[in-house]
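Participant: Residue numbers (the numbering used here), protein chains in the order written: chain A, 10 to 250; chain B, 10 to 250; chain C, 10 to 250; chain D, 10 to 250. The structure that follows is given in the form of structure tokens.
There are 4 protein chains.
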Amino acid sequence: MDSVAGSAPRELRVRRARRMTREEKSQFIRDSLMSAAAMTVGEQGYANTMVSTITARAKVAQGTFYNYFESKQALFDQLLPELGKEMLQFIRERIANASTALEREEISFKAFFDFLKKHPEFYRILYEAELFAPTAFRDHMDTIARGYVRFLRTAWERGELNIKDESELEPTGYMLMGIRHYLCMQYARKDGKSVALPEHIVEIYKRLITDGIFTVPETSASGAAKARQSRAEGGGGGKGV
Amino acid sequence: MDSVAGSAPRELRVRRARRMTREEKSQFIRDSLMSAAAMTVGEQGYANTMVSTITARAKVAQGTFYNYFESKQALFDQLLPELGKEMLQFIRERIANASTALEREEISFKAFFDFLKKHPEFYRILYEAELFAPTAFRDHMDTIARGYVRFLRTAWERGELNIKDESELEPTGYMLMGIRHYLCMQYARKDGKSVALPEHIVEIYKRLITDGIFTVPETSASGAAKARQSRAEGGGGGKGV
Amino acid sequence: MDSVAGSAPRELRVRRARRMTREEKSQFIRDSLMSAAAMTVGEQGYANTMVSTITARAKVAQGTFYNYFESKQALFDQLLPELGKEMLQFIRERIANASTALEREEISFKAFFDFLKKHPEFYRILYEAELFAPTAFRDHMDTIARGYVRFLRTAWERGELNIKDESELEPTGYMLMGIRHYLCMQYARKDGKSVALPEHIVEIYKRLITDGIFTVPETSASGAAKARQSRAEGGGGGKGV
Amino acid sequence: MDSVAGSAPRELRVRRARRMTREEKSQFIRDSLMSAAAMTVGEQGYANTMVSTITARAKVAQGTFYNYFESKQALFDQLLPELGKEMLQFIRERIANASTALEREEISFKAFFDFLKKHPEFYRILYEAELFAPTAFRDHMDTIARGYVRFLRTAWERGELNIKDESELEPTGYMLMGIRHYLCMQYARKDGKSVALPEHIVEIYKRLITDGIFTVPETSASGAAKARQSRAEGGGGGKGV
DNA sequence: AATGAATGAGACTTCATTCAT
DNA sequence: CATGAATGAAGTCTCATTCAT
Chain A
10 MDSVAGSAPR
20 ELRVRRARRM
30 TREEKSQFIR
40 DSLMSAAAMT
50 VGEQGYANTM
60 VSTITARAKV
70 AQGTFYNYFE
80 SKQALFDQLL
90 PELGKEMLQF
100 IRERIANAST
110 ALEREEISFK
120 AFFDFLKKHP
130 EFYRILYEAE
140 LFAPTAFRDH
150 MDTIARGYVR
160 FLRTAWERGE
170 LNIKDESELE
180 PTGYMLMGIR
190 HYLCMQYARK
200 DGKSVALPEH
210 IVEIYKRLIT
220 DGIFTVPETS
230 ASGAAKARQS
240 RAEGGGGGKG
250 V
Chain B
10 MDSVAGSAPR
20 ELRVRRARRM
30 TREEKSQFIR
40 DSLMSAAAMT
50 VGEQGYANTM
60 VSTITARAKV
70 AQGTFYNYFE
80 SKQALFDQLL
90 PELGKEMLQF
100 IRERIANAST
110 ALEREEISFK
120 AFFDFLKKHP
130 EFYRILYEAE
140 LFAPTAFRDH
150 MDTIARGYVR
160 FLRTAWERGE
170 LNIKDESELE
180 PTGYMLMGIR
190 HYLCMQYARK
200 DGKSVALPEH
210 IVEIYKRLIT
220 DGIFTVPETS
230 ASGAAKARQS
240 RAEGGGGGKG
250 V
Chain C
10 MDSVAGSAPR
20 ELRVRRARRM
30 TREEKSQFIR
40 DSLMSAAAMT
50 VGEQGYANTM
60 VSTITARAKV
70 AQGTFYNYFE
80 SKQALFDQLL
90 PELGKEMLQF
100 IRERIANAST
110 ALEREEISFK
120 AFFDFLKKHP
130 EFYRILYEAE
140 LFAPTAFRDH
150 MDTIARGYVR
160 FLRTAWERGE
170 LNIKDESELE
180 PTGYMLMGIR
190 HYLCMQYARK
200 DGKSVALPEH
210 IVEIYKRLIT
220 DGIFTVPETS
230 ASGAAKARQS
240 RAEGGGGGKG
250 V
Chain D
10 MDSVAGSAPR
20 ELRVRRARRM
30 TREEKSQFIR
40 DSLMSAAAMT
50 VGEQGYANTM
60 VSTITARAKV
70 AQGTFYNYFE
80 SKQALFDQLL
90 PELGKEMLQF
100 IRERIANAST
110 ALEREEISFK
120 AFFDFLKKHP
130 EFYRILYEAE
140 LFAPTAFRDH
150 MDTIARGYVR
160 FLRTAWERGE
170 LNIKDESELE
180 PTGYMLMGIR
190 HYLCMQYARK
200 DGKSVALPEH
210 IVEIYKRLIT
220 DGIFTVPETS
230 ASGAAKARQS
240 RAEGGGGGKG
250 V
């Protein structure tokens with residue numbers, strides 16, 4: 010399947026239907042079902058997605074569904090993995106030529122939202138999976154987290170990270186994932202549909218992950234605090250001194 | 010109601026039932042229903058929570074439910090607001106004597122997880138509400154975000170924040186909310202139940218919000234980058250270089 | 010009870026409540042319930058009349074209902090008899106000074122519709138009773154029919170009726186009742202509410218009961234036919250010859 | 010469908026079930042449901058007819074019901090139209106060779122009761138529809154009334170009617186309908202079941218619609234009155250003078 | 001394999017009646 | 001007696017899954 014929810018050239022395919030081998034046809038139906046399910050879940054959520062809706066959309070009979078999937082749940086369990094793989098591939102291609110860790114994270118961050126724009130259904134498929142396809146959700150989160158850990162470890166070894174211990178890598182990854190989710194929820198959705206993330210949100214994201222948010226209070230009088238203080242002066246923008 | 014889902018000393022109360030006035034009894038039943046609903050949603054999620062389960066748990070007849078709530082959905086819509094208010098109160102009491110913004114955020118952060126430990130059902134009630142009580146969810150999120158904005162603005166005016174423009178306050182709030190959610194999801198849940206957040210996670214959280222994660226690359230050669238560089242030297246801990 | 014559904018001077022009575030004896034109060038509540046039931050049935054029909062609606066309207070508690078009536082059905086069973094008696098009384102007063110049978114029937118006919126205008130709820134109370142208070146309905150119909158039989162017999166003995174045998178009296182009564190019902194249904198109802206019967210309908214009614222509808226065909230060549238023929242000529246109005 | 014409520018040779022059909030095509034089977038089930046509903050409504054009334062009763066009687070699962078009808082109400086709304094059409098067809102066939110208007114009305118009148126004997130359930134289906142399928146009821150009544158108007162107009166144009174103005178046609182139709190209903194109610198029902206209408210009732214009906222009931226009093230001294238007087242003498246049967 | 005109708009468990013909700021105060 | 005909340009039986013409808021063709 011090229012794309013779970015891709016609005017593939019159905020007509021073309023249908024016209025060729027006669028020439029399809031048995032296996033091709035079988036594959037085509039499976040894809041149709043997955044695609045129909047993805048679109049429906051994207052629009053209505055898992056809870057409101059009925060087998061009858063999926064099959065109607067895929068233009069097959071209800072019974073056919075059960076020739077391809079054990080149950081509705083079985084399909085749900087495959088939805089996120091398939092689309093998730095696509096997403097990872099999509100992002101991977103973008104970050105290929107990033108030089109620094111920060112740059113890479115920025116590209117990845119943007120790519121995520123670009124993917125979402127291309128696959129608006131992904132938002133619900135992903136975030137509702139915690140409830141309706143918990144295993145798939147866990148796997149996906151693990152995969153993403155592992156990816157982060159790998160990436161962060163490399164960066165850390167190059168001194169590009171404010172991190173002391175290896176054990177901080179995973180939590181850091183989850184924090185970044187949480188940020189992504191919430192910025193997505195708040196700034197990349199409109200009337201239940203995915204839209205592009207405003208550019209300035211990207212900037213704010215960048216600042217958080219580079220500069221943090223809070224300045225360390227004077228009282229601690231640490232070297233770090235001093236450095237931060239100087240940074241605040243240099244960077245300007247602080248309201249008072 | 011002391012607590013929506015408080016596993017109050019039911020037996021004791023029941024024994025006193027005879028002395029309850031009508032109004033007290035009415036209040037008691039409403040509380041029982043809310044409490045039963047909260048517990049059930051906390052354990053099974055909104056989707057698997059049936060009126061019959063709630064009433065069985067509250068030890069009343071099914072019909073009684075509808076003397077107190079218009080519909081199952083009506084109760085669902087009240088679940089998060091009630092518990093959410095409690096949570097806010099709980100946190101507010103803790104942050105009363107925080108001096109700096111950072112300290113305040115830390116206390117608030119910890120308090121959230123303490124509340125969760127006390128009310129393990131809150132996790133699902135809160136995060137599944139996006140699906141099953143969308144209005145309540147939105148309201149809650151707005152409330153929290155507004156709280157953050159207020160708090161952050163004050164901090165910002167005191168120069169305790171790395172923020173240039175007021176418009177960054179809200180996104181910043183959402184990012185912090187996202188972090189909280191994901192740390193909660195990953196580190197404060199065990200077998201579907203809420204557990205305490207490990208102490209070291211708090212530390213990592215603190216670092217992120219103060220120092221950020223990534224160091225700015227040399228190439229940009231900005232003042233901020235320099236400062237950061239010096240900080241990295243002073244603070245030590247960077248593995249490489 | 011002066012009137013089942015009479016919009017009696019409630020306020021007045023309430024003001025006097027303190028002076029009511031126990032029995033008066035009891036009577037007042039019963040009347041209120043009957044009245045509330047009558048209005049509700051008149052507006053919504055028996056099927057949609059709930060005990061809670063009745064008691065709310067009568068401004069008493071639900072439980073009070075069962076101090077006055079065995080069950081909802083028991084009240085339903087009394088509704089038609091009470092209002093039916095009123096109707097009969099109302100009509101009886103009007104026909105007191107009719108001289109001929111025809112005149113009497115006309116007055117009675119008109120009085121029925123006048124009563125209906127005064128008690129719009131009577132339509133449903135009466136005609137839905139066939140379903141929801143069958144015994145009361147049967148009794149009512151029997152009563153009306155007996156009244157007709159008595160009246161018709163007298164008229165017949167005076168030679169004012171085209172009837173050969175006593176056994177025709179009852180069916181004749183029922184036919185008149187059916188006519189009344191259907192003219193009522195079709196011409197004295199507007200948007201589910203009772204309205205006045207147009208005057209010309211009364212005229213048509215009169216003609217039917219005096220002249221019949223159909224002229225007897227020539228072929229029978231009976232004396233009656235001849236007479237009728239002459240009547241047709243005299244009365245004019247036949248379109249052709 | 011041959012007949013909505015026809016107690017068709019089910020067993021025979023079932024034995025043939027294997028040979029039924031899908032469409033036939035589908036039609037068979039729909040018929041079974043309609044038939045079961047008709048019988049049940051005929052016996053118990055709309056109010057006491059439950060989906061479970063219908064499906065049990067039709068020997069299908071409850072869910073099957075909803076493959077054929079949107080809701081219970083939807084079926085109710087179709088019950089009268091379907092059976093009503095049958096009734097009209099039944100009557101139409103009978104009146105084909107009536108020569109005079111009076112004869113035609115007599116045949117139609119009798120045919121109605123014959124139909125009722127064949128379809129005892131029709132009584133409740135028809136007359137309870139005013140409450141439980143109001144639109145269908147109104148439509149049916151309109152149809153019947155229009156039929157009457159058409160028929161009466163023709164008769165009137167041939168001079169077979171005692172009517173002066175076209176506007177009297179419709180009310181006349183309704184009066185005849187009302188008579189039919191009440192004679193049916195009183196004389197063609199026994200223990201809630203439809204039975205044949207006694208022959209002498211037909212005679213009484215005929216007299217009413219030809220001769221009317223009341224004789225016009227002398228005082229008016231009109232030609233019509235005189236004619237009627239002579240008729241009364243000629244026809245004999247008046248009890249005395 | 002495709003079809004699409006049949007199945008039936010199970011959820012929500014209503015409301016007459018009961019009952020403790 | 002009045003109150004009004006509690007009760008629970010009963011009914012409608014949904015939809016995942018099965019099954020005969």
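For each residue, glycine too, the CB sits at the ideal point set by N, CA and C. Computed from a predicted model, the values in this text were never measured in an experiment.
Under 9 Å, Cβ to Cβ, is there at least one residue of chain D near C:Arg155?
Facilitator: No, no contact with chain D.
Participant: Kindly list the residues whose CB is nearer than 8 Å to the CB of B:Ala154, restricted to its own chain and excluding five residues on each side of it in sequence; keep chain order.
Facilitator: Here the set comprises Glu179, Gly182, Tyr183, Met186.
Participant: By the criterion of Cβ-Cβ separation under 7 Å, what are the contact partners of B:Phe223 in chain A?
Facilitator: Ala110, Leu111, Glu114, Glu169, Leu170, Ile218, Thr219
Participant: In terms of residue numbering, what span does the alpha helix (DSSP H) encompassing A:Pro90 cover?
Facilitator: 81-104
Participant: Can you have a look at D:Arg159 and say buried or exposed, based on whether 16 or more other CB atoms are within 10 angstroms of its CB?
Facilitator: So D:Arg159 counts as exposed.
Participant: Cβ atoms of C:Ile134 and C:Leu97: under 9 Å apart, would you say?
Facilitator: no
Participant: Less than 8 Å between C-beta atoms, sequence neighbours within five positions excluded: which residues of the same chain meet that for D:Ile172?
Facilitator: Excluding positions up to five away in sequence, the list reads Leu161, Trp165, Leu178, Thr181.
Participant: When the distance is taken between beta carbons, is C:Phe223 closer than 9 Å to D:Ile218?
Facilitator: yes
Participant: Checking 9 Å against the spacing of the C-beta atoms, do C:Ala45 and C:Phe85 come in under that value?
Facilitator: No.
Participant: Just to confirm my understanding: we take A:Ala9, look at its own chain, exclude 5 residues before and 5 after, and list those with CB closer than 6 Å. What are they?
Facilitator: Coverage of chain A is limited to positions 10 through 250, which leaves residue 9 of chain A absent and any answer about it impossible.
Participant: Taking 9 Å as the CB-CB cut-off, is C:Met186 touching chain D?
Facilitator: yes
Participant: Go through its chain and collect everything with a Cβ distance to C:Ile100's Cβ below 6 Å, but skip five positions before and after it.
Facilitator: Ser117, Ala120
Participant: For B:Asp220, count the other beta carbons within 10 Å of its own beta carbon; 16 or more makes it buried, fewer makes it exposed. Which is it?
Facilitator: buried
Participant: For D:Glu137, which residues in chain C fall below 8 Å Cβ to Cβ?
Facilitator: Going along chain C in sequence order, the residues near D:Glu137 (Cβ under 8 Å) are Leu140.
Participant: Does chain D have any CB closer than 9 Å to the CB of C:Thr181?
Facilitator: yes
Participant: Look at the Cβ atom of D:Phe122, then the Cβ atom of D:Leu42, and state whether they are nearer than 9 Å.
Facilitator: no
Participant: Ignoring anything shorter than 4 residues, give me the alpha helix (DSSP H) runs that lie fully in the region 201-229 of chain B, in order along the chain.
Facilitator: 208-220
Participant: In its own chain, which residues sit with a C-beta less than 7 Å from the C-beta of C:Met29, not counting the 5 before and 5 after it?
Facilitator: Around C:Met29: Phe37.
Participant: Would you call B:Glu79 buried or exposed, if buried means 16 or more other Cβ atoms sit within 10 Å of its Cβ?
Facilitator: Exposed, because fewer than 16 other Cβ atoms sit within 10 Å of the Cβ of B:Glu79.
Participant: Are any of the Cβ atoms in chain A nearer than 9 Å to that of B:Gly249?
Facilitator: Only weak support exists for where B:Gly249 lies, its pLDDT of 35 falling under 50; the value from the coordinates is given anyway. Yes, its Cβ sits closer than 9 Å to a Cβ of chain A.
Participant: Here's the rule: buried if 16 or more other CB atoms are within 10 angstroms of the residue's CB, otherwise exposed. What is C:Gly93?
Facilitator: buried
Participant: Which residues in chain B sit within 7 Å of A:Gln252, going by Cβ to Cβ distance?
Facilitator: Residue 252 of chain A is absent from the structure shown; chain A starts at 10 and stops at 250.
Participant: For C:Lys126, which of helix, strand or coil comes out of DSSP?
Facilitator: helix
Participant: Which term fits B:Pro143, buried or exposed, when burial requires 16 or more other beta carbons within 10 angstroms of its beta carbon?
Facilitator: When all chains shown are included, B:Pro143 counts as exposed.
Participant: If we ignore side chains and look at the alpha-carbon of each, how far apart do D:Ile210 and D:Leu192 end up?
Facilitator: Here the alpha carbon of D:Ile210 sits roughly 8 Å from the alpha carbon of D:Leu192.
Participant: Thinking just about the alpha-carbon of each residue, which of B:Ala56, B:Tyr214, B:Asp151 is nearest to the one in A:Ser176?
Facilitator: Of the candidates B:Ala56, B:Tyr214, B:Asp151, B:Tyr214 places its Cα closest to the Cα of A:Ser176.
Participant: By how many angstroms is the C-alpha of A:Thr73 removed from the C-alpha of A:Leu125?
Facilitator: 30 Å
Participant: Mapping the DSSP letters down to three states, classify B:Phe155 as helix, strand or coil.
Facilitator: One point to set straight first is that residue 155 of chain B is Arg, not Phe, in the sequence displayed. Note: B:Arg155 maps to helix in three-state DSSP.
Participant: Less than 6 Å between C-beta atoms, sequence neighbours within five positions excluded: which residues of the same chain meet that for C:Phe141?
Facilitator: Tyr55, Phe85
Participant: Tell me B:Lys199's beta-bridge partners as DSSP assigns them.
Facilitator: In DSSP, B:Lys199 forms a bridge with B:Lys202.
Participant: Give me the DSSP bridge partner(s) of C:Leu170.
Facilitator: D:Phe223
Participant: Alpha carbons only, please: which of C:Thr163, C:Ser61, C:Arg31, C:Val50 is nearest the one belonging to C:Thr109?
Facilitator: C:Thr163
Participant: I'd like the list of long-range same chain contacts for A:Ser229, defined as Cβ closer than 8 Å, with 5 residues on each side in sequence excluded.
Facilitator: Legend: pLDDT at A:Ser229 = 46, less than 50; position of this residue unreliable, value from coordinates given subsequently. Closer than 8 Å at Cβ, skipping near neighbours: no residue.
Participant: Do you know offhand how far C:Gln87's Cα is from B:Asn57's?
Facilitator: 48 Å
Participant: Measuring only the C-alpha atoms, how far is A:Arg39 from A:Ala83?
Facilitator: 13 Å
Participant: Locate the alpha helix (DSSP H) running through C:Lys68, then write down its first and last residues.
Facilitator: Here C:Lys68 belongs to no alpha helix (DSSP H), and DSSP marks it neither H nor E.
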